[in-house]
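Step one of this worksheet: look at the structure below.
Number of protein chains: 2
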Amino acid sequence: MSVTTPRGFRAAGVAAGLKASGGADVALVVNDGPDAGVAGVFTTNRVKAAPVRWSQQVVQGGVVRAVVLNSGGANACTGPAGFQDTHATAEHTASALSAVSPRLLLGAGEVAVCSTGLIGERLPMPKLLPGVRTAIRGLSRDGGPAAAEAIMTTDTRPKNTVARGSGWTVGGMAKGAGMLAPGMATMLCVLTTDAVAGPAVLDEALRAATRVTFDRVDSDGCMSTNDTVLLLSSGASGIEPTPAELAAAVTAACHDLAQQLIADAEGATKQVAIDVVGAADEDDAAEVGRSVARNNLVKTALFGNDPNWGRILAAVGTTAAAFEPDEVDVAVNGVWVCRGGAAAEDRSTVDLTGRDVTIRIDLHAGTSAATIWTNDLSHAYVHENSAYST
Amino acid sequence: MSVTTPRGFRAAGVAAGLKASGGADVALVVNDGPDAGVAGVFTTNRVKAAPVRWSQQVVQGGVVRAVVLNSGGANACTGPAGFQDTHATAEHTASALSAVSPRLLLGAGEVAVCSTGLIGERLPMPKLLPGVRTAIRGLSRDGGPAAAEAIMTTDTRPKNTVARGSGWTVGGMAKGAGMLAPGMATMLCVLTTDAVAGPAVLDEALRAATRVTFDRVDSDGCMSTNDTVLLLSSGASGIEPTPAELAAAVTAACHDLAQQLIADAEGATKQVAIDVVGAADEDDAAEVGRSVARNNLVKTALFGNDPNWGRILAAVGTTAAAFEPDEVDVAVNGVWVCRGGAAAEDRSTVDLTGRDVTIRIDLHAGTSAATIWTNDLSHAYVHENSAYST
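Protein sequences appear in the order of chains A and B. Those letters in the first sequence? Residues 48 to 437, per the numbering used here, in order. Those letters in the second sequence? Residues 48 to 437, per the numbering used here, in order.
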């Protein structure tokens with residue numbers, strides 16, 4: 048269950064010496080076709096890394112035959128020279144891959160690039176380009192898991208997934224444990240499918256999926272310069288699912304990866320689902336959930352096993368969502384500690400000793416709902432983000 | 048230098064047993080006139096504590112002769128019963144004060160109430176009301192410092208100030224170390240002046256002052272349910288300054304108190320000024336500063352003495368302010384580590400060992416500027432907010 052589970056894809060992950068800690072740091076995913084469809088969703092941060100600006104152009108071209116990814120450097124805020132580095136990486140990948148797989152015969156404009164790591168430093172190209180060549184030599188139908196390992200930064204485990212259709216599958220990998228973002232949560236995610244699907248169907252499926260998965264993960268409210276989610280289609284199954292079937296499978300794959308991301312968030316001791324119900328519309332529900340997810344006082348209370356519903360209500364009160372303050376109910380792990388905006392069941396009966404926490408907020412303003420996934424704010428988060436430059 | 052420095056004011060601070068830790072917890076500020084002018088600014092949180100809703104009405108009435116404040120309980124999210132508690136506190140203060148100072152002869156509608164402490168629990172009225180009577184007996188022209196002590200919660204020191212006009216003064220006290228807010232920063236602040244000033248001039252002076260002081264302090268992005276800033280005028284100096292003179296003095300007092308708040312923020316090891324310059328307008332500058340101030344990755348980097356300008360740029364990129372990503376310059380403690388959106392001077396030359404940090408961001412988009420004050424995110428912040436319910 049990885050990006051190479053669907054037919055038509057090969058992948059590799061190799062160590063090129065980009066990471067100070069050693070280990071694999073260059074990944075390559077190649078689409079052997081027959082199709083080379085692509086859809087992409089990118090960070091909404093206005094400060095975009097060079098590989099994001101490059102890959103946005105490539106995705107607009109509509110054909111992607113390879114994705115090269117590196118950890119050990121974000122290539123963000125690196126100026127025109129950084130963009131040239133990305134371009135050179137794509138050029139190098141295209142020509143080296145064409146040389147060993149002549150039937151691919153691809154140009155740089157068909158190679159997407161993703162990078163992750165420290166912002167503001169140039170990539171060591173004399174290490175990266177040989178790494179790409181090593182990855183090309185290592186490409187295999189079983190290479191998905193190795194690719195997923197090569198894109199890890201502060202992740203403690205690789206993230207792979209698969210969702211099966213009838214005669215076709217969606218595979219995927221993701222990395223990201225720190226800069227999980229409000230606008231779009233994961234740093235890097237590559238999804239593959241052997242389904243047959245036109246560009247509009249691919250795009251629609253990906254957007255529908257990210258909207259209710261990665262977009263609803265909010266670990267620390269900090270939006271990355273490099274967030275990228277790509278969906279590649281090889282058409283190798285020969286089967287064309289309905290748009291709804293494809294969207295459902297892509298959503299399942301994204302959901303699984305998003306949950307793996309939040310479970311592995313930096314320093315987290317709690318995995319928190321914020322279910323907002325009774326909202327006037329879905330946007331209101333998501334806004335309320337996000338406001339609670341980003342509130343440092345709520346997050347530290349959860350770390351301290353404290354069902355401090357007053358902090359939750361204070362966070363709800365900063366939103367523009369439709370609700371009356373004296374009608375809001377809040378349950379923490381099933382105990383309705385707040386009803387009608389005031390204390391209800393005894394907060395001391397809430398059991399917060401486990402890792403999973405569910406906060407349910409009923410706005411009593413309508414029938415819409417949304418879930419935002421987050422985690423607590425712990426000493427380990429402070430340690431990890433203060434002791435190391437990432 | 049306190050709320051009793053201006054003529055016409057008495058104050059007291061006493062222990063009524065509201066705080067589990069003991070110590071003073073009820074404060075009273077009385078305006079002996081001849082004037083009883085008032086202006087107020089309150090939290091923009093839609094979940095407002097009972098005393099905020101009460102005091103908003105009182106301020107609209109235009110006359111305030113006394114402010115009663117308590118720590119040890121926020122009286123927020125306490126329903127109609129909580130509002131009745133606030134009302135009863137004002138009634139009790141008015142009648143007991145009228146009895147001992149017959150020339151005041153005040154009604155409940157002339158008594159503002161402020162509370163701070165845990166959200167969601169009723170106040171222990173059998174302790175609070177006797178405390179009010181004790182405070183009335185203790186009122187004195189030297190009582191300002193005692194009042195400032197009585198409103199402390201997790202503050203490590205009381206916050207008093209004075210700003211002198213020509214023949215008149217502005218005094219003030221504030222508390223707040225945790226829920227320093229985006230919309231309005233301090234939890235509780237009472238300012239006093241013996242200047243002669245009409246209601247419109249008072250209101251204008253207070254709003255002008257809070258806009259560039261408390262509103263620009265953003266410790267942890269969490270907005271309180273109880274934030275209140277009151278300005279009382281006694282007219283006892285007999286001198287009527289120009290509106291600009293009054294506004295300047297009130298702004299100086301608020302600036303001083305705001306700096307004391309941020310210096311005493313929970314667990315802070317750094318006191319950070321984010322100067323945004325070259326903005327298209329002041330709102331843009333403030334938005335950019337606030338976005339950087341609230342970014343947990345920036346805050347933890349500062350705690351770790353890491354001049355991680357990439358995280359600063361990533362935070363700038365999430366705003367809607369006018370700027371081009373490849374034109375932004377960033378200096379940390381005077382070293383321009385980023386120019387034109389890319390690395391410039393050597394980041395290892397930045398000295399972050401001191402407590403004071405200045406981050407300067409030049410957007411190169413205009414001539415406007417704003418400063419946002421914040422602090423770092425430390426282990427002590429996590430500890431203080433996870434180990435104790437506040």
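Backbone N, C-alpha and C define an ideal beta-carbon position, used for all residues, glycine too.
- Identification of residues in the segment 341–355 of chain A having a C-beta nearer than 7 Å to some C-beta of chain B yields N342, N343, L344, T347, A348, F350, G351, D353, N355, given in sequence order.
- Per DSSP, the unbroken alpha helix (DSSP H) holding R184/B starts and ends at 172–185.
- Using a CB distance cut-off of 8 Å, H426/B counts as an interface residue toward chain A.
- When DSSP states are grouped into helix, strand and coil, L344/B belongs to the helix group.
- Between the alpha carbons of G87/B and S102/B lies a distance of about 8 Å.
- For the segment 118–132 of chain B, the beta-carbon criterion of a distance under 7 Å to any beta-carbon of chain A is satisfied by A123, C124, T125, G126.
- Taking CB atoms only, T365/B has a neighbour in chain A less than 8 Å away.
- A Cβ-Cβ distance of about 15 Å is found for the pair A97/B and T140/B, leaving them out of contact under the 8 Å criterion.
- For T257/A, the closest Cβ of chain B is not nearer than 8 Å.
- In this structure, V105/A is the residue among V105/A, G60/A, G64/A, A62/A with its C-alpha nearest to the C-alpha of L279/A.
- Taking all protein chains in view, the Cβ of A367/A is surrounded by fewer than 16 other Cβ atoms within 10 Å, so the residue is classified as exposed.
- Exposed is the label assigned to S395/B, since fewer than 16 other Cβ atoms lie within 10 Å of its Cβ.
- Just so you know, the alpha carbons of V110/B and T347/A end up roughly 41 Å apart.
- Judged by beta-carbon spacing, T240/A lies beyond the 8 Å limit of F89/A, meaning their Cβ atoms are not closer than that value.
- If only uninterrupted beta strand (DSSP E) runs of at least 3 residues are considered, those enclosed by the segment 328–393 of chain A are 376–379, 382–386.
- In its chain, beyond the 5 residues on either side, P354, V379, N380, V382 have a beta carbon closer than 6 Å to the beta carbon of V397/B.
- Contact between E392/A and V384/A holds: their C-beta atoms lie close to 6 Å from each other, under 8 Å.
- A59/A has L75/A as its beta-bridge partners, per DSSP.
- For chain A, the residues of the segment 253–283 of chain B that bring a beta carbon within less than 8 Å of one of its beta carbons are D267, G268, C269, M270, S271, T272, in chain order.
- In this structure, DSSP gives V110/A a state outside helix and strand, which the three-state scheme calls coil.
- Scanning its chain for C-beta atoms nearer than 7 Å, with the 5 sequence neighbours on each side dropped, one finds around L293/A the residues A242, A244, V248, A252, in chain order.
- Within the segment 116–181 of chain B, the alpha helix (DSSP H) runs of at least 4 residues that lie entirely inside it are, in chain order, 126–147.
- Contacts between C236/A and chain B, judged by CB atoms closer than 7 Å, are missing: the closest CB pair is about 19 Å apart.
- When secondary structure is reduced to three states using DSSP, T90/A falls in the coil class, being assigned neither helix nor strand.
- Near chain A, meaning a CB-to-CB distance below 7 Å, no residue of the segment 304–336 of chain B qualifies.
- The CB of V429/A comes closer than 7 Å to the CB of T347, F350, L424, S425, H426, V429 in chain B, given here in chain order.
- Counting of Cβ neighbours within 10 angstroms places D409/A among the buried residues, the total reaching 16 or more.
- Here T208/A carries a strand assignment [DSSP, helix/strand/coil].
- Between L75/A and L186/A a beta carbon distance of about 6 Å is seen, short of the 8 Å cut, so the two are scored as contacting.
- Restricting attention to V335/B, K95/B, A256/B, G164/B, the CA atom closest to the CA of K222/B is found in G164/B.
- In this structure M220/B is buried. Its beta-carbon is surrounded by 16 or more other beta-carbon atoms within 10 angstroms.
- Annotation: P149/A to V158/A spans about 15 Å, alpha carbon to alpha carbon.
- One thing to note: A182/A has its Cβ within 8 Å of the Cβ of A59/A.
- Scanning Y428/A, G80/A, G119/A, Q131/A for the CA closest to the CA of A312/A turns up Y428/A.
- When rounded, the separation of the alpha-carbon atoms in V264/A and V363/A is 18 Å.
- Judged by beta-carbon spacing, I198/B lies beyond the 8 Å limit of T272/B, meaning their Cβ atoms are not closer than that value.
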